[in-house]
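This report refers to the structure that appears directly beneath it.
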Amino acid sequence: ERDGRWGVVMASSSSRSPSSSSAASSSSSPATAAYSPPYPSAARLSDSQCFPQYSASIKCLEENYLDKSKCQQQFDDYVECRKREREARLERNRSRSLFR
């Protein structure tokens, strides 16, 4: 079906079912099937050097019943890691020659 606002083609509800065939097929051959994340940014997140800090902040939220005030240290650690990661990426881009 086409969503008129954005022009996005969406799968019809009849093609989705609670017992999807992809889940059944992946359980039969877990070693041969490559994991594909549900959305592209999930792959980038798990490949990030800051994934441990991200995981720690999520775990803290889960353990503290979403009380953000108890997880401020984990949030700060993650933000600092992301800043370092961004600076390293910018430096790599600066050092690359535009004309080779």
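So the sequence shown is numbered by full-length UniProt numbering: it starts at 1 and just counts up by one. Yeah, the Cβ is synthetic: ideal placement off N, Cα and C, and Gly gets one too. All values reported here derive from a predicted model rather than from experimental measurement.
Check: Going by beta carbon distance, what residues of the same chain come within less than 6 Å of Asp77, once the five residues before and after it are set aside?; Outcome: Gln53
Check: Pairing CB atoms from the region 44-53 with CB atoms from the region 64-82, are three or more of them under 8 Å?; Outcome: yes
Check: If you draw a straight line from the C-alpha of Leu90 to the C-alpha of Arg96, how long is it?; Outcome: 10 Å
Check: What would DSSP say about Cys60, mapped onto helix, strand or coil?; Outcome: helix
Check: Can you name, in chain order, every residue of its own chain whose Cβ lies under 6 Å from the Cβ of Arg74, other than the five neighbours on each side?; Outcome: Here residue 74 turns out to be Gln, not Arg, going by the sequence shown. Answer for Gln74: Ala56, Ser57 and Cys60, listed in chain order.
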